[in-house]
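*Asks:* My questions all concern the structure below.
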Amino acid sequence: MSITTYRNNVKRSKEKLINLRKKLVKEQDAEGKATKEVISIQKSLKTTKSSSTIKTKLTKLDRLNTTIHKARDEQRKINKNISDEEKRLLRYEEQLFKEEQRELKKSMSEINKYNHERDNYQTELFEELDRYKNAISLHTKELQENTSIEEQFDVFISHASDDKEEFVKPLAELLVESGLSVWYDEYKLTWGKSNRQTIDNGLAKCRFGIVVLSESFFKKGWTNYELNGLVTRMVTEGRDLILPIWHRVGFDEVKEYSSSLADISALRTDNLNIEEIRDILVEMLVPEFEETYIEQEEVNKLI
1 MSITTYRNNV KRSKEKLINL RKKLVKEQDA EGKATKEVIS IQKSLKTTKS SSTIKTKLTK
61 LDRLNTTIHK ARDEQRKINK NISDEEKRLL RYEEQLFKEE QRELKKSMSE INKYNHERDN
121 YQTELFEELD RYKNAISLHT KELQENTSIE EQFDVFISHA SDDKEEFVKP LAELLVESGL
181 SVWYDEYKLT WGKSNRQTID NGLAKCRFGI VVLSESFFKK GWTNYELNGL VTRMVTEGRD
241 LILPIWHRVG FDEVKEYSSS LADISALRTD NLNIEEIRDI LVEMLVPEFE ETYIEQEEVN
301 KLI
């Protein structure tokens with residue numbers, strides 16, 4: 001039987017006991033009332049002289065004694081029924097307890113199974129992530145070994161093509177005019193060359209990655225590939241190199257796409273124009289490049 005059936009059995013048994021106890025009280029009241037009348041009549045008989053009155057009272061005494069005996073018989077039956085029903089209720093409660101324990105054990109088994117499957121999935125996911133990171137790291141290392149120093153870039157611009165004409169292309173031109181070396185697809189993707197290899201080279205050789213986050217960016221496949229490459233470098237190198245720009249999107253949209261990206265400080269096109277964004281980027285990036293250039297000059301002198 002199901003646990004619902006056991007609960008209904010317990011409920012019906014408790015209701016039956018309540019009704020039986022009400023009947024018992026009713027019969028006890030009837031006995032008590034009749035007994036009180038018998039005592040009263042017996043007292044009055046001592047002072048009654050009329051034979052007819054005495055006869056009437058004796059008749060009533062017989063009737064009251066019959067009522068008392070009947071009430072006592074009913075009480076015995078009811079008490080037996082109560083005793084039987086209490087035993088039945090105890091049995092129902094034991095059955096319910098056992099069924100609840102069985103259901104609890106079953107639920108715990110399902111929970112443990114789910115937790116085990118979840119842990120296995122997480123382990124496989126982390127192992128896959130490690131393999132992916134190692135593959136990217138190895139590929140990046142190979143690119144670094146096979147690419148000359150002249151192919152270093154100050155920034156890599158990751159963007160959706162839908163944002164190119166309105167924002168990305170003008171920003172790239174301003175950054176180049178400011179003296180920065182910019183990896184921008186229109187400058188680097190050429191006819192006859194592998195787009196993926198060229199993009200991988202840019203990802204490996206840039207010092208920072210400008211990521212223009214927009215509704216179009218969230219929907220593109222290549223942008224996810226570029227972003228994954230930048231994230232992998234950030235993890236393996238242990239430094240912050242992603243510079244987000246929110247283009248016509250807010251915190252909720254960015255968080256829905258990537259909660260980790262939403263936690264990175266970003267510039268926003270809804271409160272900064274393109275020249276202001278250029279100035280902030282140049283002011284932040286140029287000291288880093290100048291320091292690197294000076295270190296390289298010192299190395300060259302030693303050579």
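Residue numbering for the sequence shown is 1 to 303, as defined by the UniProt record's numbering. Glycine included, C-beta positions come from ideal geometry on N, C-alpha and C.
1) Roughly how many whole angstroms lie between the Cα atoms of C206 and D263?
2) Quick check: the region 67-87 against the region 13-25, are at least 3 beta-carbon pairs closer than 8 Å?
3) Taking only the alpha-carbon atoms, compute the straight-line gap between N8 and M1 and give it to the nearest angstrom.
4) Taking the alpha carbon of I157 as the reference point, which residue from W183, K255, P170 and Y132 has its own alpha carbon closest?
5) Determine the DSSP secondary structure at V211, reduced to helix, strand or coil.
6) Looking only at C-alpha atoms, which of N228, R248, E100 and E253 sits nearest to L241?
7) Straight-line CA distance for D185 to F167?
8) With three or more beta-carbon pairs closer than 8 Å as the criterion, would you say the region 34-47 touches the region 62-74?
9) Do K133 and T232 have their C-beta atoms closer together than 7 Å?
10) For I264, which three-state DSSP category applies?
11) Closer than 8 Å is the cut-off here; do at least three beta carbon pairs connect the region 79-97 with the region 4-19?
12) In three-state DSSP terms, what is D252?
13) Which of the three DSSP states, helix, strand or coil, is assigned to L180?
14) Under three-state DSSP, which class holds S2?
15) Measuring CB to CB, does A71 end up less than 7 Å from E37?
16) Could you pull the start and end residues of the alpha helix (DSSP H) that V235 belongs to?
*Replies:* Let's see:
1) 22 Å
2) Two segments are said to touch when three or more pairs of C-beta atoms, one from each, lie closer than 8 Å; by this definition the region 13-25 touches the region 67-87.
3) 11 Å
4) W183
5) strand
6) N228
7) 14 Å
8) yes
9) yes
10) coil
11) yes
12) Helix.
13) coil
14) coil
15) no
16) That run of the alpha helix (DSSP H) goes G221 to E237.
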